[in-house]
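Written out below as structure tokens is the structure these notes cover.
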Amino acid sequence: MNIKELKEKLQTALKAASAVCEAAEKAERDLSGEERQKVAGYLEEAKGYKAQIKDLEGDEAMRKQILELGADLVDPKDGGKGGAPSPAGQGKTLGQQFVEAQAFQDWFKHVAPGGKFPEGSKGLISPPVMFKTLLTGESVTSAGAFVQTDYTGIYEALGRRPLTVRNLISVRQTQSDLVEFVRQTAQVTQATVVGEATATAGDSGTKPEGAMTFEKVQEPVKTIAVWIPATRRALSDASQLRGLIDSELREDLEEHLEDQIIAGDGSSTDGEDFVGILETSGVLTQDWSTDLLTTARKAVTALRVTGKSRPTAWLVHPNDAETIDLLQDEEKRFYYGGPAEGGVARLWRYPVVESEAVTEGTAILGDWRKAVLWDREQASIQVSDSHSDFFIRNMVAVLAECRMAFGVIRPSAFISVPLSAGS
320 MNIKELKEKL QTALKAASAV CEAAEKAERD LSGEERQKVA GYLEEAKGYK
370 AQIKDLEGDE AMRKQILELG ADLVDPKDGG KGGAPSPAGQ GKTLGQQFVE
420 AQAFQDWFKH VAPGGKFPEG SKGLISPPVM FKTLLTGESV TSAGAFVQTD
470 YTGIYEALGR RPLTVRNLIS VRQTQSDLVE FVRQTAQVTQ ATVVGEATAT
520 AGDSGTKPEG AMTFEKVQEP VKTIAVWIPA TRRALSDASQ LRGLIDSELR
570 EDLEEHLEDQ IIAGDGSSTD GEDFVGILET SGVLTQDWST DLLTTARKAV
620 TALRVTGKSR PTAWLVHPND AETIDLLQDE EKRFYYGGPA EGGVARLWRY
670 PVVESEAVTE GTAILGDWRK AVLWDREQAS IQVSDSHSDF FIRNMVAVLA
720 ECRMAFGVIR PSAFISVPLS AGS
């Protein structure tokens with residue numbers, strides 16, 4: 320059956336099902352069991368017709384697509400020209416190739432002498448004209464010109480390191496270009512037991528006077544920035560590119576920010592580096608002692624006793640984290656449970672956080688709440704053609720920048736720990 324016949328049968332089945340339902344409705348009653356079976360049968364029959372119609376319509380659409388895509392296809396029997404795709408810029412449409420084919424021209428001369436079909440002629444059927452290169456896509460002027468790329472939208476970047484330091488420290492906001500805080504440098508330690516006075520004169524019964532000192536610390540807001548050139552067309556034609564630029568530039572800012580928080584020395588060529596944790600005066604230092612585990616345990620004690628601080632986490636380079644995980648006893652048993660061990664990695668009870676901002680061979684143990692990042696302006700992206708001769712070259716500069724201040728409010732809350740002899 321063709322599509323028209325199937326549609327007629329579909330309508331007949333639907334009308335029959337509707338008639339059964341209308342009869343029950345007029346009688347103001349529910350469908351009987353027999354009527355339900357009839358309606359179900361009609362509907363099942365209609366579904367079958369519908370599926371057949373869909374299949375035939377798909378076949379018809381496919382035939383139409385073949386005809387639309389079959390430009391620049393040739394007859395392999397046509398004077399030895401067939402099979403080879405036409406050179407770029409000289410392509411012919413499917414219709415043009417058909418009417419120019421030798422087989423069609425011979426037939427046309429036979430049935431239409433003088434170029435005109437005789438009146439009353441019926442049943443005219445041309446011979447088949449073969450097209451060897453159908454849908455081969457061998458050239459840009461053949462079907463290949465109509466092949467659409469399946470653009471998935473997948474973009475796989477090279478990857479950047481995980482950012483972990485900001486999650487450890489305190490982050491606050493500031494509306495100024497200069498942050499100021501007071502840091503205690505000496506605390507009261509003069510308390511003692513005092514007896515009753517034994518005389519009205521002299522020092523008998525005198526309470527000791529305590530003393531403590533402070534220092535005022537100022538941390539200026541620093542600017543971290545990076546820019547890349549791009550064409551105006553790239554930004555307008557590929558909106559996804561803009562998102563990728565945003566992501567890449569922002570993450571580059573964050574990576575450098577982590578480096579500054581840990582090891583900024585405050586003395587770059589333009590004097591704009593942060594003073595990082597390891598360069599802050601008053602941060603404790605642990606000497607190497609026997610082995611890694613012994614040294615790490617002594618650092619915990621030093622931070623508690625000398626620094627008067629309760630550590631919150633270790634910060635180590637990923638290679639050092641591997642070294643810690645692979646530590647074994649004399650019987651080759653892993654100290655930390657081996658590859659099957661799950662959960663948060665710990666060293667002497669405190670979590671181990673990995674970061675490439677820390678130099679390999681050195682760990683930092685500390686109360687990370689005592690390091691503060693003041694956010695003046697969060698990372699932002701700007702685009703401008705005002706750079707150099709970018710305006711006349713249809714180029715733009717894509718700039719990412721942030722403005723931050725950083726300070727360690729209690730240096731003794733951190734201790735630098737060597738993880739190998741000589742490091």
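Numbering (the working numbering), first residue to last: 320 to 742.
We put the CB at the ideal spot given by N, CA and C, even for glycine.
Excluding the five sequence neighbours on either side, which residues of its own chain have a C-beta within less than 6 Å of the C-beta of residue i, listed in chain order?
i: Arg722; result: Val540, Thr542, Arg695, Glu696
i: Val619; result: Trp667
i: His575; result: Ile543
i: Glu538; result: Val498, Ala724, Gly726
Could you check if residue i is buried or exposed, using at least 16 other CB atoms within 10 Å of its CB as the buried criterion?
i: Arg729; result: buried
i: Gln579; result: buried
i: Gly662; result: exposed
i: Asp522; result: exposed
i: Pro750; result: What the structure shows of the chain is the stretch from 320 to 742, and residue 750 is not part of that stretch, so it cannot be assessed.
i: Gln605; result: buried
i: Gly685; result: buried
i: Asp639; result: buried
i: Gly398; result: Confidence in Gly398 is poor, its pLDDT being 44 and thus under 50, which makes the residue's placement too unreliable to answer from.
i: Thr614; result: buried
Per DSSP, which one or two residues make a beta bridge with residue i?
i: Gly726; result: Val691
i: Tyr745; result: The structure shown does not extend to residue 745, since the chain is modelled only from 320 through 742, so no value can be given for it.
i: Gln503; result: Phe533
i: Pro539; result: Leu497
i: Leu684; result: Trp633, Ile734
i: Ala719; result: Val545, Ile700
i: Asp584; result: Val594
i: Thr550; result: Met714
i: Thr604; result: Ser735
i: Gln647; result: Phe653
What are the boundary residues of the alpha helix (DSSP H) that includes residue i?
i: Ser489; result: Taken as a continuous stretch (DSSP letters only), Ser489 belongs to no alpha helix (DSSP H), being part of the beta strand (DSSP E) at 489 to 492.
i: Glu598; result: Taken as a continuous stretch (DSSP letters only), Glu598 belongs to no alpha helix (DSSP H), as it is neither H nor E.
i: Lys526; result: No alpha helix (DSSP H) holds Lys526; DSSP gives it neither H nor E.
i: Lys743; result: In this structure the chain extends from 320 to 742, so residue 743 is not present and cannot be described.
i: Glu660; result: Run containing Glu660: none; DSSP gives neither H nor E here.
In terms of residue numbering, what span does the beta strand (DSSP E) encompassing residue i cover?
i: Glu344; result: Per DSSP, Glu344 belongs to no beta strand (DSSP E); it is in the alpha helix (DSSP H), 322 to 345.
i: Pro737; result: 733 to 737
i: Pro630; result: From DSSP, Pro630 is part of no beta strand (DSSP E); its letter is neither H nor E.
Which residues in the same chain have their Cβ closer than 8 Å to the Cβ of residue i, if we skip the five residues on either side of it in sequence?
i: Glu379; result: Ile322
i: Leu375; result: Asn321, Ile322, Leu325
Quick one: residues in its chain with C-beta nearer than 7 Å to the C-beta of residue i, no 5 flanking neighbours on either side, listed in chain order?
i: Ala740; result: Trp607
i: Glu364; result: Ala332
i: Ala335; result: Tyr361
i: Gly709; result: First, the residue type needs correcting, since residue 709 is Phe and not Gly in the sequence shown. The residues are Val715, Ala716.
i: Tyr368; result: Leu325, Lys328, Leu329, Ala332
i: Gln503; result: Met531, Phe533
Would the beta-carbon of residue i be found less than 8 Å away from any heavy atom of the ligand HEM?
i: Asp584; result: No copy of the ligand HEM occurs in the structure displayed, which carries no ligand at all.
If contacts are defined as beta-carbon pairs under 8 Å, then residue i and residue j qualify, I think. What distance do you get, rounded to the angstrom?
i: Thr625; j: Ser731; result: 7 Å
i: Gly529; j: Gln509; result: 5 Å
i: Ala682; j: Val635; result: 5 Å
i: Tyr655; j: Asp644; result: 6 Å
i: Ile488; j: Leu603; result: About 18 Å; that fails the 8 Å criterion.
i: Trp633; j: Val671; result: 5 Å
Please decide whether residue i counts as near chain C, where near means a Cβ-Cβ distance under 9 Å.
i: Val498; result: Absent from the structure: chain C. Only one protein chain is present.
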